[in-house]
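For reference, the structure discussed in these notes is given below.
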Amino acid sequence: GENVEQHPSTLSVQEGDSAVIKCTYSDSASNYFPWYKQELGKGPQLIIDIRSNVGEKKDQRIAVTLNKTAKHFSLHITETQPEDSAVYFCAASTPPGTYKYIFGTGTRLKVLA
Amino acid sequence: DAGITQSPRHKVTETGTPVTLRCHQTENHRYMYWYRQDPGHGLRLIHYSYGVKDTDKGEVSDGYSVSRSKTEDFLLTLESATSSQTSVYFCAISESSGSFEQFFGPGTRLTVL
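Pasting the structure below:
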């Protein structure tokens with residue numbers, strides 16, 4: 088079946104440094120890739136997304152890049168702050184164009200003050 | 007925040023008993039989803055609904071059933087709970103206007119003893 092692989096599973100960075108989380112997907116026809124942030128005891132919340140017709144998208148300190156040829160996409164967080172500490176999930180829409188996702192297994196990000 | 011509530015928020019039950027979890031939305035969104043979240047597995051889709059009385063299976067549907075008799079409510083039933091169904095369950099919603107974003111509820115922690 089379709090799957091999304093996410094790495095690393097845990098990531099520790101110093102405050103102010105950058106963090107990068109990577110995902111690969113298996114269905115070359117997937118066309119929508121969201122990133123969710125989940126804080127302890129809460130539901131996931133969308134932080135940024137990208138569609139397959141775009142290679143990069145930025146929103147303040149957060150950016151997502153997509154390489155359709157290699158079937159991978161990445162989340163970049165610059166100037167990390169303690170409040171960025173959370174679990175981050177990537178996802179890919181599948182079947183393409185549907186309203187269903189396959190999620191990655193998550194990355195626990197710790198920003199050290 | 008999207009108007010999504012889940013009830014109960016916590017439940018402890020015994021093996022073999024039936025359990026029903028409720029998801030209620032006030033956004034009038036067409037699509038509703040049930041996920042389970044387990045360590046090392048991320049979020050996995052159990053069932054989803056694309057309209058009143060229209061439902062379909064996700065990747066981990068065995069042992070679960072759903073019903074949607076009204077736009078605002080989506081019920082998840084464990085006919086005979088097993089210890090392997092101990093998990094955190096999340097409901098999500100999305101609209102059908104071209105945005106693929108899913109909004110998540112606060113989750114229900116279910117423990118099956």
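Protein sequence lines, in the order shown, are assigned to chains A and B.
Residue 88 is where the first sequence starts when you use the numbering used here, and the numbers rise one by one after that.
Residue 7 is where the second sequence starts when you use the numbering used here, and the numbers rise one by one after that.
Beta carbons are placed, not taken as given, at the ideal position from N, Cα and C, and that holds for glycine.
It should be emphasised that the depicted structure is a prediction, and the values quoted were computed from it without experimental measurement.
Would a check of beta-carbon distances place proline 112 of chain B closer than 9 angstroms to chain A?
Here residue 112 of chain B corresponds to residue number 106 of the second sequence, with the count starting at 1. Yes - at least one Cβ of chain A is within 9 angstroms of the one on proline 112 of chain B.
Are the Cβ atoms of leucine 82 of chain B and valine 18 of chain B separated by less than 9 angstroms?
What you label residue 82 of chain B is simply residue 76 of the second sequence in a count that begins at 1. What you label residue 18 of chain B is simply residue 12 of the second sequence in a count that begins at 1. Between leucine 82 of chain B and valine 18 of chain B, the CB-CB gap reaches or exceeds 9 angstroms.
Measure the CB-CB distance between isoleucine 192 of chain A and glycine 111 of chain B and report whether it falls below 9 angstroms.
Taking the first residue of the first sequence as 1, we reach residue 192 of chain A at position 105. Taking the first residue of the second sequence as 1, we reach residue 111 of chain B at position 105. Per the sequence shown, the amino acid found at residue 192 of chain A is threonine instead of isoleucine. No, the pair does not count as a contact, with Cβ atoms beyond the cut-off.
Do we get a CB-CB distance below 9 angstroms when we pair glutamate 3 of chain B with the residues of chain A?
The structure shown has nothing for residue 3 of chain B, since chain B only spans 7 to 119.
Can you tell me whether glutamate 102 of chain A is helix, strand or coil according to DSSP?
Along the first sequence, read from residue 1 onward, the residue named residue 102 of chain A stands at position 15. Look at glutamate 102 of chain A here: in three-state DSSP terms it is coil, with no helix or strand label.
Going by beta carbon distance, what residues of the same chain come within less than 8 angstroms of histidine 53 of chain B, once the five residues before and after it are set aside?
Your numbering for residue 53 of chain B matches position 47 in the second sequence. Non-local beta-carbon contacts of histidine 53 of chain B in its own chain, meaning distances under 8 angstroms to residues more than five positions away in sequence, involve Tyr39, Trp40, Thr61, Asp62, Lys63, Gly64, Ser67, Tyr70, Ser71, Val72, Leu82 in chain order.
Limits of the unbroken beta strand (DSSP E) element including arginine 195 of chain A
As a working mapping, residue 195 of chain A is identified with position 108 in the first sequence. Looking at the DSSP string, the run of the beta strand (DSSP E) that includes arginine 195 of chain A is 194-199.
Bridge partners for arginine 36 of chain B per DSSP, in chain order?
On the second sequence, residue 36 of chain B is found 30 positions in, with the first residue counted as 1. Residue pairing from DSSP leaves arginine 36 of chain B without any beta-bridge partner.
Cross-chain neighbours of histidine 47 of chain B in chain A, by beta carbon under 7 angstroms:
Translated into the one-based positions of the second sequence, residue 47 of chain B becomes position 41. Ordered by position in chain A, the residues that pass the 7 angstroms Cβ test against histidine 47 of chain B are Thr192.
How is glutamate 143 of chain A classed by DSSP in three states: helix, strand or coil?
The sequence position of residue 143 of chain A within the first sequence is 56, counting from 1. DSSP, read as helix, strand or coil, puts glutamate 143 of chain A in strand.
Using a Cβ-Cβ cut-off of less than 9 angstroms, list which residues of the region 69-85 of chain B approach chain A; keep chain order.
Residues passing the 9 angstroms Cβ filter: none.
Tell me the rounded alpha-carbon separation between serine 153 of chain A and serine 55 of chain B.
Here residue 153 of chain A corresponds to residue number 66 of the first sequence, with the count starting at 1. Here residue 55 of chain B corresponds to residue number 49 of the second sequence, with the count starting at 1. Note on residue identity: the sequence assigns leucine, not serine, to residue 153 of chain A. Roughly 29 angstroms between the two C-alpha positions.
Under DSSP, the beta strand (DSSP E) around aspartate 79 of chain B begins and ends at which residues?
Taking the first residue of the second sequence as 1, we reach residue 79 of chain B at position 73. Segment 79-84, the beta strand (DSSP E) holding aspartate 79 of chain B.
Can you look up aspartate 44 of chain B in the DSSP assignment and give me helix, strand or coil?
Working through the second sequence from its first residue, we reach residue 44 of chain B at position 38. Note: aspartate 44 of chain B maps to strand in three-state DSSP.
Check the Cβ of leucine 51 of chain B against every Cβ in chain A and list those closer than 9 angstroms, keeping chain order.
As a position in the second sequence, residue 51 of chain B is number 45, starting the count at 1. Within 9 angstroms Cβ-Cβ: Lys187, Tyr188, Ile189, Phe190.
Residue-level contact to chain B via CB, alanine 178 of chain A, 9 angstroms cutoff
Walking along the first sequence from the start, residue 178 of chain A turns up at place 91. For alanine 178 of chain A, the answer is yes, since a Cβ of chain B falls inside 9 angstroms of its Cβ.
Glutamine 168 of chain A beta carbon less than 9 angstroms from that of valine 198 of chain A
If you number the first sequence from 1, residue 198 of chain A lands on position 111. If you number the first sequence from 1, residue 168 of chain A lands on position 81. Closer than 9 angstroms, so yes.
Arginine 25 of chain B: which of B:Ala87, B:Leu49, B:Gly48, B:Arg36 sits nearest, CA to CA?
Residue 25 of chain B sits at position 19 when you count from the first residue of the second sequence. Note that residue 25 of chain B corresponds to valine in the displayed sequence, not to arginine. Nearest C-alpha to valine 25 of chain B: B:Ala87.
Between the Cα of cysteine 97 of chain B and those of B:Ser90, B:Ser89, B:Phe109, B:Ser75, spot the shortest distance and give me the residue it belongs to.
Looking up residue 97 of chain B in the second sequence gives position 91. Here the closest residue by C-alpha is B:Phe109.
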